[in-house]
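Numbering-wise (the numbering used here), the sequence shown opens with residue 84 and increments by one.
A quick write-up on the structure given underneath.
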Amino acid sequence: MLSSKNAFRHLFAPRPATPLQELNRLAPSQLPRQKIADAEDFHDPRMKFIMRRILGLMPQIHCRAWEYARAFDLLASSGCLTPNARGIAFGAGREVLLYAVAAHCAHLTATDIYTADTDWGEARTEDASEFVRAGAPPALDPARLTALNMDARAISFGDASFDFAYSISSMEHFGDEADIVRHLREVRRILRPNACYVLTTELRLAGPTRRTIGNFAFGLEHLLDLIAQAGLHAEPVVDAGLAECRENIAHEDSLVQGPELAQRLNQTIIWRELSGSISGPISLVLRRKGKGRPVVLHERRTHDWIRAQQSLQATIRCAEWRRLNPFGFLGDAGLRWAIPWQDGTGASAPQLIFGTTYSFYGDREIEVSLAVAAAPGDARVGELAVAVNGMAIDDPAIIEPATVLPGFPLAAGAVVTRSFRFLARRDRTYCIFGIRTGTDLPLLASIEVMVKGRP
């Protein structure tokens, strides 16, 4: 029989610490709170702990893993994750961070364009709540999490409703500049006086904002301007420093896979090169009150290193023959970039047959080798024309033909080869297109596009 002392001992035994309590016992992070993504950040003990113990991820140098871990640490160290705190997430989908945050606050409202016809698979559903809760771990109390189909530019909550807000690489997709400022003003309205908005967004290095509506890559000064227009204030310091290491070299976008596939293939991806523009994540903490514009550290040094590495990588890529993906640039919007045929209409309107992604080559002459094979047994005969277009890196609206080849006939079973050259410039990025210029074309068996820099 247990003595009364032993019977009540369990009531006073220390309870196991929660992962958040364990995190708070670690030394404060040595990383600046507001900073650009850096491969060396993954050596930080708090980053590794958050990825393993809180997010359940294998620590891996990947931009999205960085964003998740940085956002959670910023929310925790800002005092947002408390038993009574209520938060809201924008562009939340059903990312792993959603459930980690919901488990450590009173309630989290996840918002996104949760519809059956959205282009984003992570939000495609007819029932937002069921969709989001289906991805939750079994231990999460469903009452802690609500999902709503909501436009982040028109938040349907009253003033001062939330203790914190966060978003992960979402704001850049909210529309044009006016839409982004509108979102930020709405966030300011719904935050309580001492609340904060932790966000990551797409930052462009070594260049001005890439102004593609619905897919911005912000220059840092422009991003800070938009925040100020909305009446929000970033914390006093933004560190734009970047370790000069191999892992921080930008990957061509055509070679970048999604985070799940990247984990399987062990890819290291922090910064991406899309059509000559290098971008990746930055973390910011915004509040309703502040002390003016933040100080930006180490930006010039980072930009100089990034430019030098981009030129070096272009030289390496152009040293030998390289095969391009001929289907990297297709879809309904593809033809409008295919100058000089973009105005064709009617039954014989030009049709985009193939198109490579836009690639950066620096200042050099580029040799192109093209081989097109038509399938046998198809009686149709048509004509294929090929062109190279140059897009201004700083302004994607500026597209000019670099070279245009005369159309050539293509019949069943034929194999047509063409070799040509064009002069690339460092302020342009280039795409190679194939266009059907007549009324018909036989079924194609293969298309090969190869490029190499000339000495």
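Glycine included, C-beta positions come from ideal geometry on N, C-alpha and C.
Note that the structure is predicted; figures quoted are calculated from it, not measured.
With respect to the 8 Å criterion, Ala-507 and Ile-449 are classified as neighbours on the basis of their beta carbons. In the displayed model, His-334 falls within a strand according to three-state DSSP. Contact between Tyr-280 and Val-270 is confirmed by a C-beta separation of about 5 Å, below the 8 Å threshold. The beta strand (DSSP E) runs of length 3 or more contained entirely in the region 358 to 411 are, from start to end of the chain, 360 to 370, 378 to 380 and 405 to 407. Leu-158 and Glu-335 have their C-alpha atoms some 32 Å from each other. Under the DSSP definition of a beta bridge, Leu-114 lacks any partner. Annotation for Glu-450: the continuous beta strand (DSSP E) segment containing it runs 447 to 457. Here Ala-397 is not near Ile-361, since their CB atoms are 8 Å or more apart. Ranked by Cα distance from Val-534, the first of Ile-518, Glu-403 and Ala-497 is Glu-403.
For Gly-218 and Ala-206, the gap between their C-alpha atoms comes out near 12 Å. Counting only residues of its own chain and dropping the five nearest sequence neighbours on each side, Arg-501 has a CB closer than 6 Å to the CB of Leu-453. Assignment of Phe-125 by DSSP, reduced to helix, strand and coil, places it in the helix class. Counting only the Cα atoms, Ser-358 lies some 25 Å from His-381. Beta-bridge annotation (DSSP): Ser-502 is paired with Ser-452. Beta-bridge pairing by DSSP links Val-320 to Val-378.
The alpha carbon of Thr-486 has as its nearest neighbour, out of Ser-112, Met-134 and Phe-505, the alpha carbon of Phe-505. With a threshold of 16 other beta carbon atoms within 10 Å, Val-321 meets it and is buried.
By the criterion of a C-beta distance shorter than 6 Å, Val-451 is surrounded in its chain by Phe-503 and Val-534, once the five residues flanking it on both sides are discounted.
Rounded to the nearest whole angstrom, the CA to CA distance from Phe-240 to Ala-193 is 13 Å. Each of Glu-255, Leu-181, Arg-177 and Met-134 was checked against the Cα of Ala-300, and the nearest Cα belongs to Glu-255.
Here DSSP, grouped into helix, strand and coil, assigns Asn-298 to coil. When DSSP states are grouped into helix, strand and coil, Asn-107 belongs to the helix group. Annotation for Leu-303: the continuous alpha helix (DSSP H) segment containing it runs 303 to 312. A Cβ-Cβ contact shorter than 8 Å links His-187 with Leu-103. Here DSSP, grouped into helix, strand and coil, assigns His-187 to coil. A check of alpha carbon separations from Asp-308 across Cys-328, Glu-327, Ala-230 and Ala-261 identifies Ala-261 as the nearest. Per DSSP, the unbroken alpha helix (DSSP H) holding Val-215 starts and ends at 211 to 217. DSSP lists Arg-519 as the beta-bridge partner residues of Gln-434. Here the alpha carbon of Asp-127 sits roughly 26 Å from the alpha carbon of Asp-387. Note on geometry: alpha-carbon atoms of Leu-467 and Gln-393 lie some 34 Å from one another. Non-local C-beta neighbours of Tyr-151 in its own chain, meaning closer than 6 Å and more than five positions away in sequence, comprise Leu-138 and Leu-180, ordered along the chain.
Nearest to Glu-483 by C-alpha distance, out of Ala-122, Pro-489, Tyr-441 and Val-455, is Tyr-441. Distance from the CA of Thr-284 to the CA of Asn-472, rounded to the nearest whole angstrom, comes to 29 Å. For Ile-482, the uninterrupted beta strand (DSSP E) segment begins and ends at 482 to 487. Within its own chain, the residues whose Cβ lies closer than 8 Å to the Cβ of Gln-117, once the five positions on either side in sequence are excluded, are Ala-317, Glu-318, Val-320, Val-321, Asp-322, Ile-365, Ser-366, Leu-367, Val-368 and Pro-377, listed in chain order.
Here Thr-522 is exposed: its Cβ has fewer than 16 other Cβ atoms, across all protein chains shown, within 10 Å.
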